[in-house]
Each structure stands twice: as C-alpha cells, then as structure tokens.
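Protein chains in written order, with my numbering: chain A, 1 to 269; chain B, 270 to 568.
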Ligand SMILES: Nc1ncnc2c1ncn2[C@@H]1O[C@H](COP(=O)(O)OP(=O)(O)OP(=O)(O)O)[C@@H](O)[C@H]1O
Ligand SMILES: [Mg+2]
C-alpha cells in the first residue's frame, strides 16, 4: 500500500452563520488497549444533512461512528478521549447520562438486529419503556415509522408476526423504523445497506433521503456510488485519520488530497 | 481401503456404539418398570412406609421429595438467575471474576456425597438445623447452584451481542436491556436447565442421607401450620426422600416385601425423572416459539 502523508489533511469547517452544526468532534482519539485506532479526528456534522464516511476496511470508520453515541463504552478495552459536542454539551464526559443521550442519537447497525419479538413490538418496545403508553399513539407510531422506512405495505397485515421471519432487507428497514420511532435528533448508520440486495438498497436510500428532512444522518458506507448519490458531505478516513472532509460533489470530482483522489478513482493501495 | 469404504466402516462403528447405548438404557428402563410397576397403586403412592410388616407405601417419602425440591428450587432459582446474569452481563473480565468462574466449575463437579458431608458439618452440626428439610434444601442448593448458574450464564452468553447493542442504542438502560430483551430470549434455555436441575435434585440421595435424614416421621396432613411438629410443611422435621428411601431399603430394609417396595419406589422415581426431562424439552421448545413468534405485548 502506498504511504500517504497523514499530516496533510483538508477538513471543511462551517461558521455558525453559514450552517447549524448538529454534532461535532474535537481531536477525538479512540484506542483499544494500546492500539490507537482513531488518531485525533475533528469534524462538524451539519444539521438536516446526510454526511457520509468512506474509507478502506480497517480505517476506523465504525470505531469513530460508535464513539459518537458512546457505544464504545460497551467495549471494555476501548478508551475514547477528546470532545464530542452535542447542543453545546461535551457528551464524552463521564458524568453524561448515556442512556438519555442515546435517545437523541440513535444508531442502525451493519447487520440487522431486530429483537426476537413481533414487528409491532420491535418498534413500540423502547418508546413504551420511555413512557408512551396509549394504544392509538403506539399504533400511529408503528404505521408512520414503517411507512418512513418503506416497509409498511409489505408488513401491514403481519404486524404481530415475529420480526425474525422477515427477510434480511426487511429486517434492516425494520431496524431503521425502530430507530426512527425514538424520534432521535441524529441517526448514525453503519453500512446499513451492505447486507441488502440492490432493490432493498435503493428503498433504504430513498428512505434516508426522506429522513433528512427531520433528522441529521451520519452514514458509514463502503459503496462510493451510494455516498455520491445520497450524501451532502463526505469524510474520507485513512488509518484512523480523517484526511479530507468536504461537500460530496467536491470529494468525488476534485478532491484536495492525493489519497482521496486515489480512493475515489479506484487507484488506492 | 478407499475413502468410501472408510466412511462406511466409520458410520457402521458409530451406529453400533449408539445402538448399544440405547439398548443398555432401554433394557435398564424396561427392567425397572417391569419389576416395579405392578406394585405401583394409588394405595402405594399415598400410604406411609412400614418398617416391619409388608404392605407399606411411599406416601410420605414422595411428599418429602417434592417439598424438598420446591424449597431447594425456591432458593436456588433466584440465586442462580442473579449470579448468572451478573456473570454474563455485568462482570468485567478480571482475575476476580475468572476466579469465581473457576470456583463454580469446580463446585459443579464435586461428588454429591462430598457436598452432603459438607452440609452435614455446616447446616446440621454448626448451624444446629439437625436432620431436617431445611438442611436438606440448603445442601441441595449448594449441590445445584453451580450448575444452574453456569446454565443461566451460558444461556445468556449464547444471545448475540448485537441484541444488547440494539437495546442500548435505543436508550434503554442495561438492566432493561438484560431483563426485557436478553433474558426473554434466553428463557427457553434457562428453563430447560432449571427443569433438568430439578430432575437431578429429585433423584439425589447421597447428599441427603446426612442432611435431610433417613427417617420419615408420620405427618398430619390435616394441619398445615409450618410450626406444628407433625405438619407436612414443618421445615425442621427430618424428611427421608424417595431416593434415600430406596437406598435405605436396599441397605438395611427388614420388611418382608423390601424387594417389591424398592422396585416400586424405583419405578416411581424413574418415571418422575423422565417426566422432568421430557417436560424440559417440551417446555423449552414451547417457550421458544412463544417468545419469538407470538404477538404478545412487550410491556
Ligand atoms: N473491539 C475491538 N477491539 C480491538 N480492536 C478493534 C475492535 N474493533 C475494531 N478494532 C480494530 O480497529 C481498527 C478499525 O476498525 P473499524 O471496525 O473501525 O474499521 P472500519 O473502517 O469500520 O472497517 P470496515 O470497513 O471493515 O467495517 C481495526 O484495525 C480493527 O482491528
Ligand atoms: Mg466497519
């Protein structure tokens, strides 16, 4: 693999007047034990936009994304340092209520992981735990979120059947609906379409494009066409460093960094 | 010999071994049932044993077995759930928890007679519980707890970590995630383990000989006040169980029909243990289907 200069970066920043920022990191480091995998990433994610994170396998995309809602707390060896700013609050501080925070920053994982419950319960489970009780309200929630995830027509007659009986693509859309049902501010998605066939993929992409109206989305993807199709901004990660961050059109047409150019044109490594 | 022949030979050998095992088990079972079943009548199941004359039953022993079982499970089920959930979901990986795990493993392989002597020294002598239901239930807990705990921990550990992440990412607390998502999914495995454990406890003799005692004083089935001395529920009375009774008759029984009583009691014991095993399978499968496919409300 070619050696790229990891100190030469080109990171877009936004002024407050120009763009409201939903979430940002400042000099974020993540280490598993002694191995530092994210080496100081500073990025701003604008509100009501889709930001994509691209980069080769092992470059730290998932590690970075999972830090944003503190899912790395679950990994005993992981240590996250630096700032994660959300609504003027550094949510990487130890005294933050991570469970409350995760209601605002939701996550969809690479592999679909519905609960072993009915489709209906998958969506209503967490909202119920958080205090939404009325049956009408819950019914309404199930219908809207399934529609938003493009799954309603396929499952509206089998809402009380097991979610495990759905296909992989349907399960993933259910997981998106489940995350959306929490009405989060920000939705983190780790390669949400990587296990899907082309048709399901395009349904999911349409879904994401619609969700952008109400949510801020940050999506990790291996699929560069997908990043180009749906995202407004794109960050390119390499060996734990964000080398370039800019408007997606710029990343794919005239990137500022050689490594980005090589990666998006397929001459990488 | 070519690969195909080798394959055939190996398959043949395995089939032979398997059928041998099944044959031994089946004939054992058939022997016990054929010997014992003729003796098993309603009268036999409900009357007290007799020491010197023929015609005694196993009523009190049968009741004792079930009562001890219930008490032992009442203590060990919550404890094993708590310990298993802690080990699987909360314990950090460090020397202390690995020490706990190793101890549980060692404890679960202790011979029951050793556990029985330990119980005798601690519960009967030290705590002065005497030969009693209480001592018996406690010793059965010591005997059963390690296995139940491991079963709970393993059942929970077999649930994918993606399920935990799914719960936590929805802002659920760890406790809610564990109790509402992980435990229900692991419940079939946990229940199966509990029922199998109950079967083991029900058939246990060695651990009880010096703890629950070898005598079955007459019970007054009209008085259920646990503090009354002859009450069936009194936890401080000695209580010979079915398994201990069988051992006792065979080692020192002097009633004229000792062989028949022992055979009848053995048949009852075997049927009970079989029922535990079969119901464990059925219940496990049934629960699994219920947990995964029904439209049950999640609250
Ligand atoms: N739980 C963990 N413990 C230790 N090391 C880990 C852990 N998770 C990831 N890593 C390491 O961190 C590095 C970055 O992994 P990460 O999963 O973030 O990469 P990625 O960019 O998401 O790759 P992919 O595109 O294959 O998903 C890898 O070298 C990986 O081996
Ligand atoms: Mg990844």
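All residues carry an ideal CB built from backbone N, CA and C; glycine is no exception.
Neighbours of residue 426/B in chain A, taken as residues whose beta carbon is under 8 Å from its own, are absent, since the nearest beta carbon is some 15 Å off.
By the Cβ criterion, the segment 446-456 of chain B is in contact with the segment 351-368 of chain B, since at least three pairs of Cβ atoms, one from each stretch, lie closer than 8 Å.
Against chain B, the beta carbon of residue 100/A has neighbours under 8 Å at 440, listed in chain order. Pairing residue 78/A with residue 72/A gives a Cβ-Cβ distance under 9 Å. When 8 Å is used as the limit between beta carbons, residue 301/B is near no residue of chain A, the shortest such separation being about 41 Å. When DSSP states are grouped into helix, strand and coil, residue 222/A belongs to the coil group.
Beta bridge pairing from DSSP links residue 85/A with 24/A, 90/A. By the C-beta criterion, the segment 118-128 of chain A is judged to be in contact with the segment 167-183 of chain A, since at least 3 inter-stretch pairs fall below 8 Å. Among the residues facing chain A, residue 429/B is included, as its CB has a counterpart in that chain under 9 Å away. For residue 46/A, the closest of 15/A, 55/A, 38/A, 31/A by C-alpha to C-alpha distance is 15/A. Taking the Cβ of residue 227/A as the reference point, every heavy atom of ligand 1 lies at 8 Å or farther away. Annotated three-state conformation of residue 238/A is strand, per DSSP. Proximity of chain A to residue 362/B at the Cβ level (cut-off 9 Å) is accounted for by 76, in chain order. Here the alpha carbon of residue 408/B sits roughly 7 Å from the alpha carbon of residue 385/B.
Neighbourhood of residue 71/A in chain B, by CB distance below 8 Å: 434, 437, 438, in chain order.
Within the DSSP secondary-structure output, residue 143/A pairs in no beta bridge.
In the three-state scheme derived from DSSP, where H, G and I count as helix and E and B as strand, residue 317/B is classed as coil. Taking CB atoms only, residue 370/B has no neighbour in chain A less than 9 Å away. Residue environment analysis places residue 281/B among the exposed positions, since fewer than 16 neighbouring C-beta atoms fall within 10 angstroms of its C-beta. At a threshold of 8 Å, residue 59/A counts as near ligand 1, since its beta carbon sits closer than that to one of the ligand's heavy atoms. By the Cβ criterion, the segment 87-105 of chain A is not in contact with the segment 29-42 of chain A, since fewer than three pairs of Cβ atoms, one from each stretch, lie closer than 8 Å. Our two residues, residue 339/B and residue 394/B, have alpha carbons roughly 24 Å apart in a direct line. For the pair residue 421/B and residue 468/B, the CB atoms are not nearer than the 9 Å cut-off.
450, 453, 454: these are the residues of the segment 450-473 of chain B whose beta carbon lies less than 8 Å from some beta carbon of chain A, given in chain order.
When Cβ-Cβ separations below 9 Å define contact, residue 445/B makes contact with chain A. Annotated as proximal: residue 380/B and residue 475/B, with beta-carbon spacing under 9 Å. Residue 505/B sits in coil when the DSSP states are folded into three classes, being neither helix nor strand.
Contact with chain B is found for residue 115/A, since one of that chain's Cβ atoms lies less than 9 Å from the residue's Cβ. Rounded to whole angstroms, residue 97/A and residue 441/B show a C-alpha spacing of 11 Å. In the DSSP secondary-structure assignment, residue 10/A is bridged to 244/A. Scanning 529/B, 540/B, 550/B, 537/B for the CA closest to the CA of residue 322/B turns up 529/B. For residue 108/A, the uninterrupted beta strand (DSSP E) run begins and ends at 105-108, by DSSP.
Minimum Cα-Cα distance from residue 80/A among the listed residues 11/A, 28/A, 127/A, 210/A corresponds to 28/A.
Non-local C-beta neighbours of residue 31/A in its own chain, meaning closer than 6 Å and more than five positions away in sequence, comprise 79, ordered along the chain. Sixteen is the threshold: when 16 or more other Cβ atoms of the shown chains lie within 10 Å of the Cβ of residue 329/B, as they do, the residue is buried.
Of 303/B, 335/B, 521/B, the smallest CA-CA separation from residue 545/B is found for 335/B.
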